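Presented below is the structure to which this report refers.
Residue numbers (my numbering): 16 to 198.
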């Protein structure tokens, strides 16, 4: 599946994307705020492409003008089109190179993935969450129509610590109203 926005091409990851992924995933401003360690090598980025990013519904964010992978976006929970065909929910996540922060690219990518989730995967609710301190994520999700639901403290094994987590929800009905309200 390939999705397109005005400035991005969202497509499955390829092994050849490893250097681009490493370029942003090694930056300490990217992984640790989402509570995954910064990548130490291109080989580590390749391993993530072959495992985490190989899941259905996960897309490489490719900037059209350069052809470079500048981030990832997609579903990080259960995949209704795959192993859980009766599951009406999923969770969306993303990462973006700091060189592209503040340009609205994440909102553009998330909007395309929401449309895919609600119209193709037939999801009824899409969740997103962030850890304390990742307020950029919160602002982006609120702009995309997500509304705060609850918070909890979670043990984050990848970082070896407890962190406060905040969860947001967008229903298919609210998404439809937001989309039709912008036409």
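All C-beta atoms, glycine included, are put in the ideal place defined by N, C-alpha and C. Keep in mind that this is a model prediction, so the values were computed, not measured.
Residue i by DSSP, collapsed to three states: which one?
i: residue 156; result: helix
i: residue 107; result: strand
i: residue 60; result: helix
i: residue 170; result: strand
i: residue 121; result: helix
i: residue 94; result: Caution is warranted here: a pLDDT of 42 is assigned to residue 94, below 50, making its placement in the model unreliable, and no coordinate value can be reported.
i: residue 142; result: strand
i: residue 73; result: strand
i: residue 26; result: strand
i: residue 15; result: This structure gives no information on residue 15, because the portion of the chain shown stretches from 16 to 198.
i: residue 193; result: helix
i: residue 80; result: coil
i: residue 68; result: helix
Residues in the same chain with beta-carbon distance under 7 Å from residue i, minus the five sequence neighbours each way, listed in chain order, please.
i: residue 193; result: 160
i: residue 33; result: 57, 60, 61, 64
i: residue 127; result: 18, 20, 25
i: residue 156; result: 143, 183
Measure the alpha-carbon distance for residue i versus residue j and round it to whole angstroms.
i: residue 131; j: residue 190; result: 12 Å
i: residue 133; j: residue 75; result: 19 Å
i: residue 91; j: residue 125; result: 13 Å
i: residue 150; j: residue 71; result: 27 Å
i: residue 80; j: residue 22; result: 8 Å
i: residue 144; j: residue 20; result: 23 Å
i: residue 202; j: residue 154; result: Missing from the structure shown is residue 202; the chain here goes from 16 to 198 and no further.
i: residue 114; j: residue 173; result: 25 Å
Considering only the beta carbon of each residue, do residue i and residue j sit closer than 8 Å?
i: residue 85; j: residue 112; result: yes
i: residue 41; j: residue 54; result: yes
i: residue 184; j: residue 164; result: yes
i: residue 139; j: residue 104; result: yes
i: residue 167; j: residue 146; result: no
i: residue 117; j: residue 48; result: no
Less than 6 Å between C-beta atoms, sequence neighbours within five positions excluded: which residues of the same chain meet that for residue i?
i: residue 110; result: 45, 86, 87
i: residue 73; result: 89
Just to confirm, does residue i get its C-beta within under 7 Å of one of the non-hydrogen atoms of the ligand FAD?
i: residue 122; result: Within the structure as shown, the ligand FAD is missing, as the structure has no ligands at all.
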